[in-house]
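Following: one structure in structure tokens, then a few remarks.
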Amino acid sequence: MDDSHKSDVMDLRRSQLLQAAHRVVSTKGSSKLTIKDVAREANFSNGLIHYYFKNKEDLLLALFKETQGRLQKAFTEALAESDDPRDKLLVFLEHAFGLRENARDHLYVLFDFLSQAKHNERIRNLKRKLYQNFRGECAAILYEGMAKGLFHPVDVEYASTKIIAQIHGLMVEYEIDEAAFDYHEYSRRLTREITGQLFLVDAARPLEQAGSM
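Using the working numbering, read the sequence shown as starting at 9 and increasing by one per residue.
Structure (structure tokens):
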């Protein structure tokens, strides 16, 4: 086996192990996950897993990074489709609120890691970076909209933090009690409130689009 083929096989097996770990975390949670669970799910031996990951923590960190990377890649690709900051904000909100349906397993993994962050500095740092990145994406849109005269002047740091908190809070609350409210209706209403507070009067076209989400 040449080096390139060996590398491909290793990448494939590592990916299979992360997929298996993802499924285990989605059903059992990260605190109850064991190396044996992942080995069984992937149909690999315990020893093979230790060849790729030193221990459970190493595996969970790799899983978090992989999940985080997938979500951020999807955001970046979605935002790249428009040059208009009004459309970008709508895409950002639609994509973020849509994570609950379109990437629910990934979202569950990220939520599950919240409990680990309190006691694990490495996971806490990764979670911190995740929120920093999402706030940064949102802030970049707000700065662009203000620079082009399409958004009202706002405190960007506060506004982006508030937007991320509203998105995250709605998803967490609904995950806890799905009977409490209509998620789609509330996400649409929040979208209209956010864009209504930011868009200038000449941004009526995107506001109408927001109402149809």
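Note that CB positions come from ideal geometry on N, CA and C, so glycine has one too.
DSSP on residue i, reduced to helix/strand/coil?
i	result
residue 23	helix
residue 159	strand
residue 207	strand
residue 16	helix
residue 73	helix
residue 82	helix
residue 35	helix
residue 53	coil
residue 100	helix
residue 41	coil
residue 110	helix
residue 187	coil
residue 89	coil
residue 64	helix
Would you verify that the beta carbon of residue i is, or is not, closer than 9 Å to some beta carbon of chain B?
i	result
residue 182	Structure shown: chain B not included; a single protein chain is present.
Taking its Cβ as the centre, do 16 or more other Cβ atoms sit within 10 Å of residue i, making it buried, or is it exposed?
i	result
residue 41	buried
residue 212	With a pLDDT of 49 at residue 212, under the threshold of 50, the modelled position of that residue is not reliable, and the figure given next carries that caveat. Flag for residue 212 reads exposed.
residue 30	buried
residue 57	buried
residue 117	buried
residue 79	buried
residue 184	exposed
residue 205	exposed
residue 100	buried
residue 38	buried
residue 168	buried
residue 189	exposed
residue 219	Because residue 219 sits at a pLDDT of 45, beneath the cut-off of 50, its placement in the model cannot be relied upon, and the point is left open.
residue 33	buried
residue 104	buried
Original post:
Three or more C-beta pairs closer than 8 Å, one from the segment 91-109 and one from the segment 152-160: is that the case here?
Top reply: yes
**OP:** Just list the alpha helix (DSSP H) runs in the segment 125-185, keeping only unbroken ones of 4 residues or longer that don't cross its boundaries, in chain order.
**Re:** 129-155 and 164-184
**OP:** Spell out a yes or no on whether the segment 81-95 and the segment 185-201 are touching, meaning 3 or more CB-CB pairs, one atom from each, closer than 8 Å.
**Re:** no
**OP:** Determine contact between the segment 42-50 and the segment 15-32, defined as no fewer than three beta-carbon pairs at a distance below 8 Å.
**Re:** yes
Subject >> Segment contact, 8 Å Cβ cut-off, at least three pairs: the segment 172-180 with the segment 132-149 >> reply: yes
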